[in-house]
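Asks: Here it is, the structure in full.
In this note's numbering, the protein residues as written are 21 to 405.
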């Protein structure tokens with residue numbers, strides 16, 4: 021990992037008036053130039069982290085470092101970060117130019133340089149020609165762009181974004197996701213984005229921190245988080261999931277629904293109780309006799325790009341299927357899936373334990389692969405004699 025630009029070391033936050041601990045020993049490092057997302061439901065602590073980075077809240081315990089320097093006692097205006105709030109916090113009595121130029125005027129920057137830099141950032145956010153436009157006459161998306169332009173005008177090391185897209189309609193929100201991501205990559209500035217929307221997080225981020233009840237329960241790339249949820253909470257919070265109790269018979273073999281299935285997971289105890297996750301889009305509809313499981317269709321909704329089908333197996337387990345193939349309510353269908361579509365979750369496993377298990381298991385697999393290669397090479401040498 022490169023030298024971190026922001027570090028949290030055992031950071032906790034307690035609101036003394038209610039004695040509520042909203043952050044519990046948070047530790048992480050953020051690299052420069054990446055797009056990070058703090059993802060969680062309301063009250064999970066994600067906005068508290070953002071406000072502590074910005075200097076709007078003090079940490080109760082722990083250290084916050086910017087470029088290796090402890091900044092706990094450094095005031096907000098002395099930190100090389102800028103925050104874009106959900107409300108955008110624009111000045112309604114100022115036009116677009118004056119709003120964007122405001123941080124530069126506070127620093128008493130030369131008038132010509134102000135004009136030049138405002139023109140540059142307005143071009144970046146596609147608001148050329150809007151300099152004299154009143155804030156009150158702008159759409160939600162345009163106000164969002166003004167807020168972002170003001171955030172980057174001082175060329176901060178870090179931009180903090182507190183649910184800035186939540187007030188926009190669906191189409192505009194999707195468009196702004198593309199624009200924000202493209203802008204961040206072009207500028208090379210570290211973005212820290214707060215949202216409760218898992219689709220936003222998956223679409224925009226280099227790295228996601230999933231939060232629950234004041235703790236980071238899992239962190240990783242969007243693909244890692246989606247494909248390898250660490251526990252029941254993450255599996256249900258990130259996308260839709262079919263989750264069933266199961267037993268890990270041995271490496272690569274799991275039992276659920278009274279049947280045994282080939283899997284790709286290992287490194288667990290024989291006959292260990294686990295939870296089994298299969299995503300709805302990984303289930304394929306077949307004839308009943310051709311499926312690994314048989315279910316009866318209960319309801320069906322058309323979602324535009326696929327049908328969302330709810331079905332039940334003979335044990336009463338509910339199954340959600342996303343398919344472009346239409347089903348018939350009341351019919352029996354088969355469900356097919358591949359070993360790599362099955363994800364195994366250990367009960368009450370922490371992220372540290374999960375990472376250590378995977379690392380150890382990969383090392384064992386590599387050693388076994390090396391031994392097999394050595395044996396094959398030895399055989400080849402014997403055959404050539």
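Ideal Cβ placement from N, Cα and C applies to all residues, glycine included.
In this text the structure is predicted, and so the values were computed from the model without any measurement.
Tell me the DSSP bridge mates of residue 6?
Replies: Lying outside 21 to 405, the shown extent of the chain, residue 6 is not represented and no answer is given.
Asks: Indicate whether residue 72 and residue 34 have their beta-carbon atoms separated by less than 8 Å.
Replies: It is not a contact, given that the beta carbons lie outside the stated cut-off.
Asks: Since residue 159 and residue 115 are thought to touch, with beta carbons under 8 Å apart, how far apart are those beta carbons, to the nearest angstrom?
Replies: Between residue 115 and residue 159 the Cβ distance is about 15 Å, and since that is not below 8 Å, they are no contact.
Asks: Straight-line CA distance for residue 354 to residue 348?
Replies: Residue 354 and residue 348: Cα-Cα distance of roughly 13 Å.
Asks: Work out the CA separation of residue 166 and residue 290 for me, nearest whole Å.
Replies: Near 58 Å, if we compare the C-alpha coordinates of residue 166 and residue 290.
Asks: Could you pull out every unbroken alpha helix (DSSP H) segment of at least 4 residues lying fully inside the stretch 127-193, listed in chain order?
Replies: Whole alpha helix (DSSP H) segments, 4+ residues: 131-144 and 160-172.
Asks: Taking residue 97 as the reference, which of 176, 144 and 142 has the closest Cα?
Replies: The candidate whose alpha carbon is nearest that of residue 97 is 176.
Asks: Alpha carbon to alpha carbon, how far is residue 43 from residue 237?
Replies: If I take the Cα positions, the gap works out to 12 Å.
Asks: In angstroms with no decimal places, state the Cα-to-Cα distance between residue 268 and residue 294.
Replies: Rounded to whole angstroms, residue 268 to residue 294 spans 7 Å at the Cα level.
Asks: Please list the segments of the alpha helix (DSSP H) lying wholly inside the stretch 197-277, counting only runs of 4 or more residues, in order along the chain.
Replies: Entirely contained in the stretch 197-277, the alpha helix (DSSP H) runs reaching 4 residues are, in chain order, 218-224, 242-247 and 252-257.
Asks: Can you round the beta-carbon distance between residue 224 and residue 105 to whole angstroms, since I take them to be within the 8 Å contact cut?
Replies: At roughly 18 Å, the Cβ-Cβ gap does not stay under 8 Å, so residue 224 and residue 105 are not in contact.
Asks: Would you mind reading off the limits of the beta strand (DSSP E) that contains residue 343?
Replies: First-last of the beta strand (DSSP E) with residue 343: 338-343.
Asks: For residue 316, which of 284, 298, 350 and 327 has the nearest alpha-carbon?
Replies: It is 350 whose Cα lies nearest to the Cα of residue 316.
Asks: Residue 47 and residue 29: beta carbons closer than 8 Å?
Replies: Taking 8 Å as the Cβ cut-off, residue 47 and residue 29 qualify as a contacting pair.
Asks: Is the CB-CB distance between residue 254 and residue 263 below 8 Å?
Replies: Their beta carbons are not under 8 Å apart, which means residue 254 does not touch residue 263 by this criterion.
Asks: Tell me whether the beta-carbon of residue 343 lies closer than 8 Å to the beta-carbon of residue 305.
Replies: Taking 8 Å as the Cβ cut-off, residue 343 and residue 305 qualify as a contacting pair.
Asks: Could you give the DSSP three-state label for residue 105: helix, strand or coil?
Replies: Note: residue 105 maps to coil in three-state DSSP.
Asks: Apply the 10 Å Cβ neighbour rule to residue 206 and answer buried if 16 or more other Cβ atoms are within range, or exposed otherwise.
Replies: Answer is exposed; the Cβ neighbour count stays below 16.
Asks: Alpha carbons only, please: which of 321, 171 and 398 is nearest the one belonging to residue 74?
Replies: Out of 321, 171 and 398, 171 has the C-alpha closest to the C-alpha of residue 74.
Asks: Within a Cβ cutoff of 8 Å, which residues of the same chain sit near residue 249, ignoring the five residues on either side of it in sequence?
Replies: So the qualifying residues of the chain are 238, 255, 258, 261, 297, 363 and 365.
Asks: Please check the pair residue 58 and residue 69, which I expect to be a contact at CB under 8 Å, by giving their CB distance rounded to whole angstroms.
Replies: Correct: roughly 6 Å between the Cβ atoms.
Asks: Measuring only the C-alpha atoms, how far is residue 179 from residue 201?
Replies: Answer to the nearest angstrom: the Cα atoms are 12 Å apart.
Asks: In angstroms with no decimal places, state the Cα-to-Cα distance between residue 157 and residue 113.
Replies: The alpha-carbon atoms of residue 157 and residue 113 are separated by roughly 11 Å.
Asks: When we look at the beta-carbon of residue 183 and count the other beta-carbons within 10 Å, is it buried (16 or more) or exposed?
Replies: It counts as buried.
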